[in-house]
Amino acid sequence: MTAETTEDAYGGRRAVRRNAFLFFLDGVTFQPSLALISMAAVVPLLLEHLGASTAQFAIATSVVSVGTFISQPYFVSLCSRSRRMGKTFARVLLLQRFLFLAFVLAMPLLASHHGLMTWVFLASWTIFNVLAGSGTLFNVPLVLKLLPPRKRAGLRGVGMAGGSIIALAATALIPITIARIPFPGSYMVLFGIGLVFLFANAAGFWFMDERDDVEPRVPMKVSEYLRDVPGTLRHDATFRAMVTSCVFLVVANSLLPFYTLHAIRTFAAGEDYVALLASLAIVTGVAVNLTFGFIIDRRGPVALSPIAAVAATAAGVVGLVGHSLAALSVAWVLANVASACYMKTTMLMLGDVSPSGKAPSYVGILFSISMLVSGVVVLALAPLLDAIGFTALFVIVGGCGAVAWFWNARVFQPRLARSRQASPTH
């Protein structure tokens with residue numbers, strides 16, 4: 014099959030080029046927002062300024078996972094029933110961002126009540142992450158629907174790398190803004206800049222050229238999706254192995270914000286070091302996206318997927334044996350390699366594993382289970398940190414990485430190879 018014939022199956026060359034460019038812009042606009050609205054840098058600094066407890070910090074971290082889990086059944090159903098997934102996705106994203114903007118605009122009214130602002134932020138942050146549950150559920154099927162296999166990773170990786178360069182400039186603003194603008198204005202500026210990028214990001218999905226599905230999707234009601242979960246896991250051994258491996262990796266990746274808390278509370282790190290961590294995360298993302306994207310297009314995501322588990326294991330080991338900010342920085346970089354590699358490979362692997370037309374359901378099952386487990390682990394970690402310190406953090410990270418590697422390399426990949434031999438057209 015020629016490249017032109019392949020592009021015709023995805024709406025024609027013009028549509029493929031337009032959508033590839035918009036997915037490129039997705040990375041350009043989304044990456045800078047992560048530097049300013051995430052648990053990597055600004056949110057931990059805000060919570061520390063407000064005097065939040067370890068339990069409240071754990072809540073803020075866990076709702077990133079639990080919020081996504083709660084919304085999965087609804088968004089799976091919505092995605093499977095949407096004729097134009099791009100526009101539906103854009104509406105959800107715009108709602109999410111307008112609601113968070115409401116909190117940002119209300120910050121001056123709450124500035125003198127730190128305890129109240131903490132809880133209002135946690136409520137707003139929870140809503141933000143519940144709606145964020147739409148992300149992978151729409152993004153993965155959209156990529157599979159609109160882009161040919163050999164154009165799904167490379168250009169998107171370049172876009173994310175370009176966005177990461179912009180994000181580096183954004184992280185440089187963090188210590189300067191906090192030092193020069195009185196509270197809460199400093200956080201309003203940082204969140205506001207992040208929201209500008211997020212609104213532009215939502216607009217990109219609205220303008221995608223989306224036509225009839227390349228493969229028919231299976232519309233599902235929420236109740237049908239919930240009933241389908243146990244059956245899918247029971248009958249699809251390959252997917253079950255993939256979910257098991259991914260759960261352990263997501264647990265390790267979800268603990269990244271605690272590295273920042275470790276730096277603040279153990280080593281008395283300030284805004285400059287937190288901004289440095291954010292910058293290191295961005296540079297790591299650039300390196301992964303530039304190298305991984307084009308390699309995945311050639312070798313496929315499955316062959317490269319164990320790298321994420323190896324990096325997570327190494328992060329846990331370095332965190333355990335090192336007792337300095339330098340060692341923590343190395344562990345942080347390794348953990349971000351694990352997170353970036355996981356996201357880069359897992360979403361595309363679902364295209365190899367999910368049956369025709371069932372990508373939304375498979376995406377939902379994978380991310381809902383992994384997010385639920387990681388959310389519970391994050392909440393359980395808070396009392397452990399208070400009791401025995403941050404050793405618990407790195408034991409969990411290293412252990413999860415090792416188990417994830419074993420399950421990927423020794424269980425999932427052999428099962429996938431056997432299923433491909435049994436059904437070559439899958």
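Counting from 14, one number per residue, gives the positions in the sequence shown under this note's numbering.
In this text, a Cβ means the ideal position worked out from N, Cα and C, and glycines have one as well.
- Residue state for K357 is assigned as helix, using DSSP reduced to three classes.
- Look at L160 here: in three-state DSSP terms it is coil, with no helix or strand label.
- Counting every other CB atom within 10 Å of its CB across the protein chains shown gives R169 a total of 16 or more, marking it as buried.
- For N142, the enclosing alpha helix (DSSP H) begins and ends at 127 to 145.
- Between the segment 231 to 249 and the segment 61 to 81 there are fewer than three C-beta pairs closer than 8 Å, too few to call the two in contact.
- In this chain, Y23 is not harboured by any alpha helix (DSSP H), its DSSP state being neither H nor E.
- As for any alpha helix (DSSP H) of minimum length 4 sitting wholly inside the segment 19 to 75, the runs are 26 to 49, 55 to 62, ordered along the chain.
- DSSP, reduced to helix, strand and coil, places K100 within a helical segment of the structure shown.
- Across the set F212, A68, V153, the C-alpha of F212 shows the shortest separation from the C-alpha of R104.
- For the set L268, A136, L392, L317, the Cα lying nearest the Cα of G329 is the one of L268.
- Annotation: the continuous alpha helix (DSSP H) that includes G377 extends over 372 to 401.
- Around the beta carbon of T279, a 10 Å sphere encloses fewer than 16 other beta carbons of the protein chains shown; the residue is thus reported as exposed.
- Look at G283 here: in three-state DSSP terms it is coil, with no helix or strand label.
- DSSP, reduced to helix, strand and coil, places A327 within a helical segment of the structure shown.
- Between the alpha carbons of H126 and A65 lies a gap of roughly 12 Å.
- Residue F102 holds the alpha-carbon nearest to the alpha-carbon of A216 among V376, F102, L379.
- Taking C-alpha positions only, F37 is separated from V171 by approximately 7 Å.
- For P86, the closest of S374, A400, I401, A422 by C-alpha to C-alpha distance is S374.
- Inter-residue distance for V256 and I189 is about 42 Å (C-alpha atoms, whole angstroms).
- Contact between L159 and N32 holds, with the beta-carbon distance rounding to 4 Å and staying under 8 Å.
- Taking 9 Å as the cut-off, the Cβ atoms of S51 and L106 do not count as close.
- When rounded, the separation of the alpha-carbon atoms in C413 and D21 is 43 Å.
- Residues of the same chain with a CB within less than 6 Å of the CB of G364, apart from the 5 flanking positions on each side, are L157 in chain order.
- In terms of Cβ geometry, A344 and V323 do not form a close pair [threshold 9 Å].
- C-alpha of G176 to C-alpha of A183: approximately 10 Å in a straight line.
- By the neighbour-count criterion, in which 16 or more other beta carbons inside 10 Å mark a residue as buried, L289 falls on the buried side.
- Here F151 is buried: its Cβ has 16 or more other Cβ atoms, across all protein chains shown, within 10 Å.
- Look at M120 here: in three-state DSSP terms it is helix.
- The three-state reading of DSSP puts P154 in helix, counting H, G and I together.
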